[in-house]
Amino acid sequence: MDAPREKTFLLAPAEGRVLNWLAARLPARVMPDHMTALGVLAALGIGGAYWLSGRDPAWLWVASGLLVVHWLGDSLDGTLARVRRIERPKYGYYLDHLVDAGATIAIGAGLGLSPYMSLTTGLLVVIAYLALSINTYLETQVFGVFSLGYGRFGPTEARVGLILLNVVLLAGATSALDIAGLAIAGLMLAGLLVRAARNLRVLAAREPAGVVR
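In the working numbering, the protein residues as written are 356 to 568.
The following block contains the structure:
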């Protein structure tokens with residue numbers, strides 16, 4: 356999409372500098388679609404690592420490492436296209452959010468199949484995240500601005516949070532992930548309700564009821 360991108364989350368300024376630096380130094384043969392594919396493979400690997408952590412908690416280290424790889428693939432594809440001026444706005448918008456949904460399902464299912472989180476909680480997190488994503492796509496359509504993240508919290512902060520939770524689990528707090536998952540799902544749904552109410556107030560003011568157009 357041609358809508359301007361709005362990044363308000365906490366790590367956005369530092370992340371942008373790092374991504375631009377990396378994009379400028381990638382070999383010419385590495386294309387944006389290659390980075391997208393890397394992100395997809397990393398997401399499947401994260402889900403698998405969480406599932407395998409039931410056999411050996413050391414797989415949580417693998418999940419944490421793959422979260423970094425997923426960040427690279429998911430974030431660097433669009434940056435690489437913009438740095439090289441080879442953007443495909445509609446193609447990129449569609450592909451990026453299609454694979455984001457798949458990645459969310461893979462990671463959430465992996466968490467739910469791990470010994471640290473129930474499948475119900477994992478699916479609740481997935482549903483809440485997808486609901487936020489749908490709202491973002493609707494906002495892009497009606498307001499013409501693509502807002503990445505909610506307030507100071509975005510996808511990068513979510514990955515950092517998962518890595519920190521992995522460290523907590525490795526330290527022995529085995530109930531932390533299930534509790535955190537329920538709390539996160541609740542916060543996401545609450546954020547959605549607040550954002551939706553604000554959006555509807557703005558849209559109602561722009562298009563008052565009963566006015567002939």
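Cβ coordinates follow ideal geometry from the N, Cα and C atoms, glycine included.
- In the assembly as shown, residue 458 is a buried residue. Its beta-carbon has 16 or more other beta-carbons within 10 Å.
- A distance of 7 angstroms or more separates the beta carbons of residue 464 and residue 409.
- Listed in chain order, the alpha helix (DSSP H) elements of length 4 or more contained wholly in the stretch 446-492 amount to none.
- Its chain contains 436 as the residues whose beta carbon lies nearer than 8 angstroms to that of residue 443, once the 5 sequence neighbours on both sides are disregarded; these appear in chain order.
- Here the alpha carbons of residue 567 and residue 367 stand approximately 43 angstroms from one another.
- Pairwise C-beta distances place the stretch 536-552 in contact with the stretch 486-501, as three or more of them are shorter than 8 angstroms.
- With respect to the C-alpha of residue 469, the residue from 529, 395, 378, 540 having the closest C-alpha is 529.
- Following the DSSP letters along the chain, one finds residue 533 inside the alpha helix (DSSP H) bounded by residues 531-561.
- Taking the Cβ atoms as the reference, residue 453 lies roughly 22 angstroms from residue 467, outside the contact range of under 8 angstroms.
- Within the same chain, and ignoring the five residues on either side of residue 525 in sequence, the residues whose Cβ sits closer than 8 angstroms to its Cβ are 412, 415, 416.
- In this structure, the alpha-carbon of residue 501 lies about 15 angstroms from that of residue 446.
- At the C-beta level, residue 400 and residue 427 stay beyond 7 angstroms of one another.
- Residue burial annotation: residue 370 is buried, with at least 16 other C-beta atoms found within 10 angstroms of its C-beta.
- Ranked by how close their Cα comes to the Cα of residue 495, the residues 521, 542, 449, 472 have 449 in first place.
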